[in-house]
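Protein chains in written order, with our numbering: chain Y, 5 to 597; chain U, 50 to 591; chain E, 91 to 438.
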């Protein structure tokens, strides 16, 4: 038996949370044990820790490759490893019932992977593996054969736009920065991914940190920066560890530090941990945070490209933007510009979640219609419910209804319907989601994350939230929709930074497309999706109640009565619509109308 | 002031406060600026924020050190050695301004020779400041495009106070930091109108405008103006008056708006002197320690109750305006003095009330430096002297074209090392240095009557280094007895690294623990200033 | 120089000038709440927004540098609506107690509410309740009245270099706070009080004192150190009730704790109110009339001079008193008594 065996275990945060490290350990033990019986197994087998491949819902995902034939297993736990080793690794008989199904392949096959291409394939803790997939070739080429102006020109031509949300053309921004006459320039990687549910940057730093570092080297060279910062959330401990390791390895190889690749170019990259403030994703707040100040945005202009960190010209790009660069420089601007739509080039990584079958991290070419993302990659709505809307762009994005299901997903497309690309969040909503409640949910987040500096954001979002709250509680008044609209527009138009400017998006877009739901709440005092408890009447279906008493115990106001093993009843004059009985009932006997 | 007058021909801030913000380097020596001149300190902080380098030389870690590029903690009483060794470095490294020296100064050769022994190593030995820091300071100061020196009583209240001031002048001359904006030699005046009191002839040797009493032509001018014959004999400086009182030659005194019984060094001695007077008149707004010794007390008016002018540190003449009436029968001080003047000379209409504006015009007629200033101009703005004509805008910085000495050149003066009079010994092992605090002013007559200020800083304390406190077995807040050869006071310990080892600091605002009971009345031989900044004390637990 | 057009008027300004400064140069009144020309631009209140041709959204004029050829509008229906909403939002979280607020009449927010005619508020909702009382002796901090303009925080940091206050919390709960929420413990310069646009920071000394009725303002010079700060005394009858300083003077409106809060001595009941004479050594002081006292002093000095010569008398004049007084004092000794025995305490 002379076969080469490679076992790759997903060891991103998702994989580890699902037990990846224990699966890894189990493989080591099994291999050691098997090695005693069969030495060749140890010689030719390789255990491989890899980054996230996006389908965390199926973790722990394990690839077993025997003589180049790869099989992927899902939901692997340590106790399953013994059989995988004996049957598949040694016996060459894949365990068919544990293999991934067709949906796994539809999920992946419909994607176009550039940034995520090597995730799940290489070991993020080994610079040699990155080098093996042409890593640091682009940086070397740039530093040894290109002028900074040529680099900027290439990036401009590629059409790459900032992936952090703004979508500003990266090459143009670099050009502005390089045009300043300064004794010092800075390059900053924004890895302070703050949108709830977004994890694209974390996955890249965890799964392929060198791609981002290589992108930073290219950017630093283009603008003349000799100092770089990676601003990363402290809540990403694994990413932080792998980043530190990657920086250390890169320095040892001479890719960072002094005289990079034998040239006269120097670059030092420092890591700065963020304390988990959403607003620190805003570039001027991020700069303030690095400077040791409270993370509060500063007015633009002046833009950071002219006056940024410590008052010096500074470029801030996010992880995904940087991770695109080595590919662009390796394969050329034309190759990149051929991917995507007219004005949005390349691909976009999206965190797909919500009421959908396949949730996870995906990468699509710009311009892919919403429908394809939701129904091909995402596998359609969970539980055969009806699709209602998709919310894109994170907490300050908008909600896109059924009528725009064919919308191409790119910067222009999303903006045209009142939403945005943001960092790439996508939440699919179905008929059981109340749009007023959704809008309130996002406002709660943006309000509590507002830095409090400017009046419209600090107080405007608060008042928006209060109006939404009273509507969902049945206290809505005639004129509230108009008031919401007016205030939302004013907050959007007069706030200082992107947080306040975009925080009203959920309100404005839901009023635009789902005004009838607002009206139902206000005029009929009804919640059509049956979500807003205060607008519902709770009762118990006598034919389904078994009299277990769970609901009675859950009720905090003693509104439920009934004998044991006899159907119970709710006294609606006492009920406060908290919904505890509904949640407590195991027999679906509590109904709300 | 005598120090600067000898070198430049006049003594005042050469430059203006607003210019501080434009300094490239700032050298602060012997001035606890943030506490004693808080608003001038704001300009220093502004300059630092704009990139200026700040050197602070002070034995105490004063609050300004927080903003400093370099802090030189020299031993009390070694200011001129520190300055000399900085100048030694400047010469050794060729950082002097040769053009300035050639064109605008004299006495250079003898001065250069005098600096030879003051190597940075010698400086380190004498001052305790590492030679490397002396070199660094010299470079920062000398290499700056424009560098200003700011000092106060920290270098003047010494037996060699005049020397220290002259050494400061030498440093500015050596580097050409004079006669242009944002540089100069700038004494910061401790009281609202010290500058004005000097300008107005409140000195024993000069008439208003620093015109010498012993120059016959000047005497004649004033005799003509005042319509009487005048004395050509230089009068007694305040510090010498004490001896004159004790020996009986001085019999009557009129003290106006001062409290020397608390502010004079070695107050036991001066209280004895005042008590021995035949007749003492004190004019004040409170029953001060000095007023209590008086035969007659005249109730004056506070600044809010009268019209007039003050001249601040930067030679700026500004209006004081009456906002309220004095309490009871208290009167404007100008009226009181005028009434006494008329009675003593036996001339003038006693029913006529003197007008401050015309008094100012009288001075302006006698001193060309303010000839262009009058109340109608001051109504709109304030003016910095010299302001010789009615259309002159005032002078922001001095010596643009020449110095006020004969020949127009500034004079270099060799400064030898002079030791403080009373150094610590076995019996009195600590150096006491005194000064002010932010929350109080001078003898506390005003500030200790402000409830808030007195709440923040209610009582006297002695600042003592933790290492010394350890030796004495004293904890922060414990009572201590501090004594010198002249007196003893009891006060609380404030254990703090602000003071170096073997040095203690006591603010002099508190009458119940008056620091000046301890200080020495040793005097600078030229300026007659007393050595309040260095004396020897012992400290015991009561 | 840069040329721009604001509200139809052309103006030339130096490079680095902001749009707000350019507008002010033209005498155009742009409302602001968080701006102070002595501090760095902040852009928090969003009241100074203007429309600039070619820019999609209104921008704050205080932070936007003027550029060549810029065309600016400081007033439009849209700007009015946005500003009014901002003022209304501020008032929705502000105690409606101008009647009893010591800053009434000195309050930018009050003025804005008046200018925008905000009687009914569309955004009635939760108001903050910071009930904690700060026990420092000089400054009353009423956080409920804070509009988060940041002027106090900035002046403390940028000008005073102290940084005694900062921000904490987020969103609606955001507030200005001392470290760990302790009582304010700083230099008490009161710079923060002087820049506060509302009643959030006031001096404890003038709280409860007359605000405008019968209050007179007198410009004068501070009586403490040699900085020579210009101050304005607010008086009521013969009482000094407040000290302030205008921002356009040579000390730029900045004062220290003594200058701003150390004025109580003026109205102290320990002030000397009548001449006192001690007829012989050791006897107690007796009240006297001015005539008695002045005649007595003049007589005594004259007789000492006659008996013991001119140099047997001396005078100490005052570094605390006016130029005119000092001049007359030395003249009294030189011309009146014939001696140069005049000095003052400059050396202490």
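Beta carbons are placed, not taken as given, at the ideal position from N, Cα and C, and that holds for glycine.
Bear in mind that the values here come from a model prediction, so they are computed numbers and not experimental data.
Contact between the stretch 98–106 of chain U and the stretch 74–88 of chain U is established, with three or more Cβ pairs separated by less than 8 Å. Exclusion of the five residues before and after residue 164 of chain U leaves 133, 136, 137, 140 as the residues of its chain whose Cβ lies within less than 7 Å of its Cβ. When the Cα atoms are used, residue 401 of chain E and residue 430 of chain E turn out to be separated by approximately 8 Å. Ranked by how close their Cα comes to the Cα of residue 107 of chain E, the residues E:152, E:140, E:117, E:215 have E:152 in first place. For residue 14 of chain Y, the pairing in a beta bridge is given by DSSP as Y:54. Of the other Cβ atoms in all chains shown, fewer than 16 fall within 10 Å of the Cβ of residue 314 of chain Y; this residue is therefore exposed.
Following the DSSP letters along the chain, one finds residue 520 of chain Y inside the alpha helix (DSSP H) bounded by residues 509–523. Any Cβ of chain Y closer than 7 Å to the Cβ of residue 282 of chain E would place that residue at the interface, and such an atom is absent.
Residues of the stretch 421–435 of chain E with a C-beta less than 9 Å from any C-beta of chain U: 421, 422, 423, 424, 425, 426, 427, 428, 429, 430, 431, 432, 433, 434, 435, listed in chain order.
Taking 7 Å as the threshold, the shortest C-beta distance from residue 467 of chain Y to chain E falls below it. If you compare the alpha carbons of U:125, U:160, U:212 with that of residue 177 of chain U, the shortest gap goes to U:125. Interface annotation, residue 567 of chain U: not in contact with chain E, CB-CB separation never under 7 Å. Rounded to whole angstroms, the gap between the alpha carbons of residue 91 of chain U and residue 250 of chain E is 6 Å. Nearest CB-CB separation between residue 348 of chain E and chain U: below the 7 Å threshold. Within the same chain, Cβ atoms closer than 7 Å to the Cβ of residue 420 of chain U are found at 413, 437, 438, the five residues on either side in sequence being excluded.
Taking 7 Å as the CB threshold, residue 551 of chain Y stays off the interface with chain E.
Excluding the 5 residues flanking it on each side, residue 402 of chain U has same chain C-beta neighbours closer than 7 Å at 384, in chain order. Interface criterion not met: the Cβ of residue 382 of chain E is under 7 Å from no Cβ in chain U.
Look at the stretch 205–238 of chain E: the residues with a C-beta under 8 Å from a C-beta of chain Y are 212, 213, 215, 216, 237, 238. According to the DSSP assignment, residue 318 of chain U belongs to the alpha helix (DSSP H) that extends over 316–324. The beta carbon of residue 297 of chain U sits closer than 8 Å to those of 325, all from its chain and outside the five residues before and after it, given in chain order. Note on residue 270 of chain E: under 16 other CB atoms within 10 angstroms of its CB, so exposed under the neighbour-count rule. Between residue 456 of chain U and residue 415 of chain E a beta carbon distance of about 37 Å is seen, past the 8 Å cut, so the two are scored as non-contacting. Taking C-beta separations shorter than 6 Å and ignoring five residues to either side along the sequence, the partners of residue 557 of chain U in its chain run 483, 564, 565, following chain order.
Here the alpha carbon of residue 594 of chain Y sits roughly 7 Å from the alpha carbon of residue 585 of chain Y.
About 22 Å separates the CB atoms of residue 401 of chain Y and residue 384 of chain Y; that is not less than 8 Å, and the two are not in contact.
Distance from the CA atom of residue 31 of chain Y to the CA atom of residue 101 of chain Y, rounded to whole angstroms, is 19 Å.
Contact note: residue 452 of chain Y reaches chain E through 260, 261, 262, 263, using a C-beta cutoff of 9 Å and chain order.
Residues 421 of the same chain have their beta carbon placed closer than 8 Å to that of residue 440 of chain U, with the five preceding and five following residues left out of the count. A Cβ-Cβ contact shorter than 7 Å links residue 415 of chain Y with residue 171 of chain Y.
The straight-line gap separating the alpha-carbon atoms of residue 552 of chain Y and residue 541 of chain Y is approximately 21 Å.
Straight-line measurement puts the Cα of residue 545 of chain U at about 21 Å from the Cα of residue 254 of chain E. In terms of Cβ geometry, residue 266 of chain E and residue 180 of chain E do not form a close pair [threshold 7 Å]. Around residue 54 of chain U, the same chain offers 60 as residues with beta carbons nearer than 7 Å, after the five sequence neighbours per side are excluded. Spanning the alpha carbons of residue 277 of chain U and residue 337 of chain U requires a straight line of approximately 35 Å. Residue 396 of chain Y is bridged by DSSP to Y:430.
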